[in-house]
Amino acid sequence: MVKQAISGSQAVVSALGPTGKPESDQQISLGIANILTALKEFGIKRFVALSTTSAQDALDIDSTKFKLRRTMIRKGNESIVKYTELVRQSDCDWTLLRIASLLTDKPLNKKRACWVFG
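Under the working numbering, the first residue of the sequence shown carries the number 23, and numbering increases by one thereafter.
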């Protein structure tokens, strides 16, 4: 099914993202692995995927808040870190959109900020 969806594409964007439920997040790892396999088979280089701040980057400035958060929800983060590493180790020209928290459809109650390194 993945192969049919990406056949003929120049790039793939995956909206698979963390749910906060470890069993669902493990399924996402399998889905990302399937996508990466198909990308390689079709010679598609460009890949954009969701991740979280749980999957650290060398340029991260780690705060006490994030260290504590990762420690408290370590089990749920394991699968996120796993699929992020799959992407980072792939031959793709990849971008990971690291969301800091799940957004909702509730009214905005504070500002959100984002930035790009590199």
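Glycine included, every Cβ here is placed at the ideal spot set by N, Cα and C.
- When secondary structure is reduced to three states using DSSP, residue 66 falls in the coil class, being assigned neither helix nor strand.
- Residue burial is scored here from C-beta neighbours: residue 99 has at least 16 other C-beta atoms within 10 angstroms and is therefore classed as buried.
- Annotated three-state conformation of residue 55 is helix, per DSSP.
- Contact annotation, residue 108 with residue 38: C-beta distance approximately 12 angstroms; criterion of less than 8 angstroms not satisfied.
- Here residue 106 has 73, 77 and 118 as same chain residues with Cβ atoms under 7 angstroms from its own Cβ, once five neighbours each way along the sequence are excluded.
- The residues 34, 57, 60, 61, 64 and 66, in chain order, have a CB closer than 8 angstroms to that of residue 28 in the same chain once the five nearest residues on each side in sequence are set aside.
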